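Residue numbers (my numbering): 220 to 401.
All remarks here apply to the structure that follows.
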């Protein structure tokens, strides 16, 4: 089992990978909202706890467990919190989740094509990178657009324009409007 705990501002995020912590049942019951996604018994175990500073080591706003795949190198879980809206994005394997930390509720569950890579914030836009997909969300968690990509691919954002290179074919478009927008 490996664990990492990170605090940014008032938000404390802790992740457990590999095997469940010994205090799993206590952590599940002590959370304001806890969810278990154990439908993929072949995947790697992951638990994500999000709490406010000062809540202690057991009490959290949100505690989510799941088994996920793919889980090999390059398909690491990721969490992004938008402090001003209280939205938390969680990605692992093919599962994508968004939570409202102010209302302590799940906003949605979605799937990433083949496997999740990372979350990225570009101003008021949250980007989700996956093996075969690049998608954009608002900081409130609403999906703006999604596009197919194929490795090798990369992007960068400059002055609200997303520059996307997929297999040496370059396109650019508004990061807000997406590839089909104007």
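Here a beta-carbon is modelled for each residue, glycine too, at the ideal position from N, C-alpha and C.
Remember, predicted model here, so these are calculated numbers, not experimental data.
Spatial distance of residue i from residue j (CA atoms)
i, j, result
"residue 290", "residue 387", "27 Å"
"residue 364", "residue 310", "17 Å"
"residue 293", "residue 348", "11 Å"
"residue 272", "residue 389", "43 Å"
"residue 362", "residue 313", "16 Å"
"residue 371", "residue 248", "43 Å"
"residue 238", "residue 245", "15 Å"
"residue 344", "residue 278", "30 Å"
"residue 262", "residue 236", "11 Å"
"residue 254", "residue 308", "14 Å"
"residue 352", "residue 316", "16 Å"
"residue 369", "residue 329", "20 Å"
"residue 341", "residue 241", "38 Å"
"residue 226", "residue 324", "21 Å"
"residue 338", "residue 232", "15 Å"
"residue 360", "residue 397", "16 Å"
"residue 270", "residue 280", "5 Å"
Residue from the options whose Cα sits closest to the Cα of residue i
i, options, result
"residue 391", "385, 399, 400 and 380", "380"
"residue 377", "360, 395 and 366", "395"
"residue 373", "360, 350, 303 and 327", "350"
"residue 220", "251, 226 and 265", "265"
"residue 326", "277, 252 and 354", "252"
"residue 224", "393, 276, 333 and 397", "276"
"residue 296", "304, 303, 320 and 267", "267"
"residue 321", "301, 261 and 239", "301"
"residue 318", "246, 332 and 298", "298"
"residue 260", "243, 339 and 286", "286"
"residue 375", "400, 357, 346 and 358", "346"
"residue 282", "384, 399, 256 and 393", "256"
"residue 303", "382, 230, 334 and 367", "230"
"residue 200", "288, 356 and 354", "With the chain covering only 220 through 401, there is no way to say anything about residue 200."
Sheet register partners of residue i (DSSP bridge)
i, result
"residue 352", "349 and 367"
"residue 341", "344"
The ligand ZN heavy atom lying under 8 Å from the CB of residue i
i, result
"residue 309", "Among the components of this structure there are no ligands whatsoever, and the ligand ZN is therefore not found."
The beta strand (DSSP E) enclosing residue i, as first and last residue numbers
i, result
"residue 247", "Per DSSP, residue 247 belongs to no beta strand (DSSP E); it is in the alpha helix (DSSP H), 243–249."
"residue 285", "279–287"
"residue 264", "263–271"
"residue 320", "Run containing residue 320: none; DSSP gives neither H nor E here."
"residue 226", "221–227"
Presumed contact (8 Å Cβ cut-off) between residue i and residue j, rounded CB distance
i, j, result
"residue 306", "residue 358", "6 Å"
"residue 400", "residue 393", "6 Å"
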